[in-house]
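Undergrad:
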Amino acid sequence: MRVFNCFQVLALGLLWTVVVADIVRTYDDNVDDVRPAKALLNNKGPHFGKSIQRIPSPKEACPEDYSPCTCQLTINGLEVSCVDVPVDEITNVFYRTQTLELYQVVLTASGSASGTVDLPADLLKDKRVQRIYLGCPPTANPKLGLTIDSATFEFTRFTTTVFGILNCDLSTQTDMQYLNGFSVLNTLRIDDSNNIEAIATLPTTTLPALKKLFVVNCTGLENAVFPDLTPARLVRLHLQGNGLTDAGVNSILVSVGSSSSSSSLQELILSNEYAMTKIPRIASFSKLVWYDVSFNAIPYVSQSTLVFSSPVNYLNLNSISLGAIEGGAFLGDYGKAQVYLENNGLTEFREDVFKPILEQMAAQFLPEAGKVIVTGNPFDCGCGLAWLIRDNPSLVPYVLNGVCGGFFKFEDLNPESYANC
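Written out as structure tokens, the structure reads:
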């Protein structure tokens, strides 16, 4: 390989690079069920996409006294929050108040004398709530145990669309029958909780409307038998920071791929699963367009790993210690895709890997064209780049933040420097 002089390679000035590090987990702008602010007390993990700023709704005075809980009347409806309130007092609040239709209830009950949060049957009495978030005190160490009676939310089964659990130990919760018959439940999320093996008992046959399932920073998922989600048709599955191994991830995806969700899943996030070393194949998901495996330890991507049946929208391979990609790894329609390969160890920008998808991107109208974003990779400036810089300069604009030799931008490299390659 020919050795290049800096002045031969560089056509313009030096590279400037901005690297943004954000260790606070936010939810990407493709997720519309952001947790309420009072539940966001224990965020951790990498940054995924653009953060959402929840726009405050106009508030009016509450029609009733919900003390010691608080309430606010917004354009969505009545929102009630009980933070560090004993369970018996929460029960009393919903017993004496008259408003039947509530938009949102956030319950972070204080623990009992035994150090647990035990929710009894008919906790909300006859109230019907669209969004329910259950939390345990985030400062408790170890986490408080949470138990939920199968009839805790009996009267809201046909109303609740979003249900979440945060910061709890679920080791004593042996089943999830408290969600039985939640026929309009659209979103289920479990965050920052331990021992969630009971997810195996999710009564999926009575959850036909389930579209979004999020399990974030939890323990116990690796050892759980993932439920058959039929008849639900998931659109989004987010599994982040749960310590899943390759075998654990494969078991989950086999279950989902053999269910009714195989032809409906559009968004799959397997980020920050620090024990995962391979990219799971996704060919069985015919509608998948959004795939994120960032913040793992995946040194190599083999041929036909990333095969998409639908046009790709977003692929995130950031920060996975990636050192090599085999030719033919990216198959499908990548014309409008944003392909992120930032902060890895790639030294080669290979023709057999990138030319096919860059040509697809170049064929699109500019506002819609995809990009390959490669910030933070130590590419070599040698003849391996001749195919791009000398032979296909029209493809260079579709590669963002490409740098070789430490500070030479791809777009500044001189094609004549590759004349003898």
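Reading the sequence shown from the start, the letters are residues -21 to -1, 1 to 400 in mature numbering (1 follows the signal peptide of the UniProt record, and there is no 0). Ideal Cβ placement from N, Cα and C applies to all residues, glycine included.
Roughly how many whole angstroms lie between the Cα atoms of E330 and Q51?
TA: Within the sequence shown, the letter at position 351 stands for residue 330. Within the sequence shown, the letter at position 72 stands for residue 51. Between E330 and Q51, the C-alpha separation is close to 58 Å.
Undergrad: Alpha carbons only, please: which of E390, A342 and P357 is nearest the one belonging to A365?
TA: Counted from its first residue, the sequence shown places residue 365 at position 386. Out of E390, A342 and P357, E390 has the C-alpha closest to the C-alpha of A365.
Undergrad: Leaving out five residues on either side along the sequence, give the residues of the same chain with a beta carbon under 8 Å from the beta carbon of I69.
TA: The sequence position of residue 69 within the sequence shown is 90, counting from 1. C48, C61, L86, A88 and L102, listed in sequence order.
Undergrad: Is DSSP giving D225 helix, strand or coil here?
TA: By 1-based counting over the sequence shown, the position of residue 225 is 246. Helix.
Undergrad: Select from V195, S234 and G220 the residue whose C-alpha is nearest the C-alpha of D207.
TA: Along the sequence shown, one-based indexing puts residue 207 at 228. When each option's Cα is compared against that of D207, the closest is S234.
Undergrad: Taking the alpha-carbon positions, what's the V351 to L301 distance?
TA: Position 372 of the sequence shown holds residue 351. Position 322 of the sequence shown holds residue 301. In a straight line, the C-alpha of V351 is about 15 Å away from that of L301.
Undergrad: Could you spell out where the beta strand (DSSP E) holding D271 opens and where it closes?
TA: Position 292 of the sequence shown, counted from the first residue, corresponds to residue 271. Its beta strand (DSSP E) spans residues W269 to D271.
Undergrad: Excluding five sequence neighbours on each side, which residues of the same chain lie with their C-beta closer than 7 Å to the C-beta of S243?
TA: Here residue 243 refers to the residue found at position 264 when the sequence shown is read from its first residue. Hits under 7 Å: R212, L213, V214 and K266.
Undergrad: Can the beta-carbon of K191 be found less than 8 Å from the beta-carbon of T151?
TA: Here residue 191 refers to the residue found at position 212 of the sequence shown. Here residue 151 refers to the residue found at position 172 of the sequence shown. No, these two residues do not count as a Cβ contact at 8 Å.
Undergrad: Name the one or two DSSP bridge partners that G143 has.
TA: What you label residue 143 is simply residue 164 of the sequence shown in a count that begins at 1. The partner list for G143 (beta bridge, DSSP) reads Y112 and R168.
Undergrad: In its own chain, which residues sit with a C-beta less than 7 Å from the C-beta of E58, not counting the 5 before and 5 after it?
TA: For the purposes of this step, residue 58 is taken as the residue at position 79 of the sequence shown. The answer, listed in chain order, is C50, Q51, Y82 and Q83.
Undergrad: What residue does the beta strand (DSSP E) around K334 start on, and which one ends it?
TA: Numbered from 1 along the sequence shown, position 355 holds the residue referred to as residue 334. From DSSP, K334 is part of no beta strand (DSSP E) but of the alpha helix (DSSP H) over E330 to A341.
Undergrad: Alpha helix (DSSP H) containing A365: first to last residue?
TA: As a first step, residue 365 must be located in the sequence shown, where it is residue number 386. It spans A365 to I368 - the alpha helix (DSSP H) in which A365 sits, taken as one unbroken run.
Undergrad: By the three-class DSSP mapping on this structure, what secondary structure does R212 have?
TA: Here the question's residue 212 lines up with position 233 in the sequence shown. Coil at R212, not helix or strand.
Undergrad: Per DSSP, what are the beta-bridge partners of Q51 in this structure?
TA: Translated into positions along the sequence shown, residue 51 becomes position 72. In the DSSP output, where bridge partners are listed per residue, Q51 has E58.
Undergrad: So, is I248 buried or exposed, given that buried needs 16 or more other C-beta atoms within 10 angstroms?
TA: Sequence index remark: in the sequence shown, residue 248 carries index 269 (1-based). Answer is buried; the Cβ neighbour count reaches 16.
Undergrad: Could you check whether the region 366 to 378 touches the region 309 to 321, counting it as contact only if at least three pairs of C-beta atoms, one from each stretch, sit closer than 8 Å?
TA: At 8 Å Cβ cutoff, the stretches do not touch.
Undergrad: Rounded to whole angstroms, how far is the Cβ of K106 from the Cβ of T135, which I believe are closer than 8 Å?
TA: Walking along the sequence shown from the start, residue 106 turns up at place 127. Walking along the sequence shown from the start, residue 135 turns up at place 156. K106 to T135, Cβ: 7 Å. Contact.
Undergrad: With a 10 Å radius around its C-beta and 16 neighbouring C-beta atoms as the bar for buried, classify S283 as buried or exposed.
TA: Sequence index remark: in the sequence shown, residue 283 carries index 304 (1-based). Exposed.
Undergrad: Using C-beta distances below 8 Å, list every residue in its chain close to L164, excluding the 5 sequence neighbours before and after it, in chain order.
TA: The count along the sequence shown starts at 1 and reaches residue 164 at position 185. Only T139, T140, V141, F142, L158, L186, A188 and L189 meet the Cβ criterion.
Undergrad: Going by other Cβ atoms of all chains shown within 10 Å of its Cβ, with 16 needed for buried, is K388 buried or exposed?
TA: Counting from one through the sequence shown, the residue named residue 388 turns up at place 409. Buried: at least 16 other Cβ atoms inside 10 Å.
Undergrad: Mind checking which residues open and close the beta strand (DSSP E) that includes I248?
TA: Taking the first residue of the sequence shown as position 1, residue 248 is located at position 269. Taken as a continuous stretch (DSSP letters only), the beta strand (DSSP E) holding I248 covers E246 to I248.
Undergrad: DSSP state of Q156, grouped into three classes?
TA: If you number the sequence shown from 1, residue 156 lands on position 177. Correct three-state label for Q156: helix.
Undergrad: Measuring straight from C-alpha to C-alpha, what distance separates G24 and S396?
TA: Counted from its first residue, the sequence shown places residue 24 at position 45. Counted from its first residue, the sequence shown places residue 396 at position 417. Note that G24 scores 36 on pLDDT, short of 50, meaning its location in the model is unreliable; the coordinates nonetheless yield the value given after this. Approximately 43 Å between the Cα atoms of the pair.
Undergrad: Can P357 and G324 be called in contact, C-beta distance under 8 Å?
TA: Numbered from its first residue, the sequence shown carries residue 357 at position 378. Numbered from its first residue, the sequence shown carries residue 324 at position 345. The answer is yes: Cβ separation under 8 Å.
Undergrad: Using only the heavy atoms of the ligand FMN, determine whether one of them is closer than 7 Å to the beta carbon of T95.
TA: Inclusion of the ligand FMN in the displayed structure is not the case, the ligand content being empty and no account of it being possible.
Undergrad: Quick check on R75: buried or exposed, where buried means 16 or more other Cβ atoms within 10 Å of its Cβ?
TA: Within the sequence shown, numbered from 1, the residue matching residue 75 stands at position 96. Answer is exposed; the Cβ neighbour count stays below 16.
Undergrad: Tell me where the beta strand (DSSP E) around T95 begins and ends.
TA: Working through the sequence shown from its first residue, we reach residue 95 at position 116. Where T95 is concerned, the enclosing beta strand (DSSP E) stretches over T95 to L98.
Undergrad: Which residue wins for smallest C-alpha separation from I178, given the options D170, V195, D154 and T184?
TA: In the sequence shown, counting from the first residue as 1, residue 178 sits at position 199. Measuring from the Cα of I178, the nearest candidate turns out to be D154.
Undergrad: Alpha carbon to alpha carbon, how far is G306 from C197?
TA: Within the sequence shown, the letter at position 327 stands for residue 306. Within the sequence shown, the letter at position 218 stands for residue 197. Roughly 36 Å between the two C-alpha positions.
Undergrad: Skipping 5 residues on each side, what residues in its chain have a beta carbon closer than 7 Å to that of P394?
TA: On the sequence shown, residue 394 is found 415 positions in, with the first residue counted as 1. Same-chain partners within the cutoff: I368, R369 and P372.
Undergrad: Measure the beta-carbon distance from V280 to A308 and round it to whole angstroms, keeping in mind my assumption that it falls under 8 Å.
TA: Translated into positions along the sequence shown, residue 280 becomes position 301. Translated into positions along the sequence shown, residue 308 becomes position 329. Right, their Cβ atoms sit about 5 Å apart.
Undergrad: Please classify D63 as buried or exposed, where buried requires at least 16 neighbouring CB atoms within 10 angstroms.
TA: For the purposes of this step, residue 63 is taken as residue 84 along the sequence shown, with counting starting at 1. D63 should be labelled exposed.
Undergrad: What first and last residue would you give for the alpha helix (DSSP H) that runs through I69?
TA: Translated into the one-based positions of the sequence shown, residue 69 becomes position 90. Where I69 is concerned, the enclosing alpha helix (DSSP H) stretches over V66 to R75.
Undergrad: Given a cut-off of 8 Å on the beta-carbon distance, is the pair S230 and F205 in contact?
TA: For the purposes of this step, residue 230 is taken as residue 251 along the sequence shown, with counting starting at 1. For the purposes of this step, residue 205 is taken as residue 226 along the sequence shown, with counting starting at 1. Going by C-beta atoms, S230 is nearer than 8 Å to F205.
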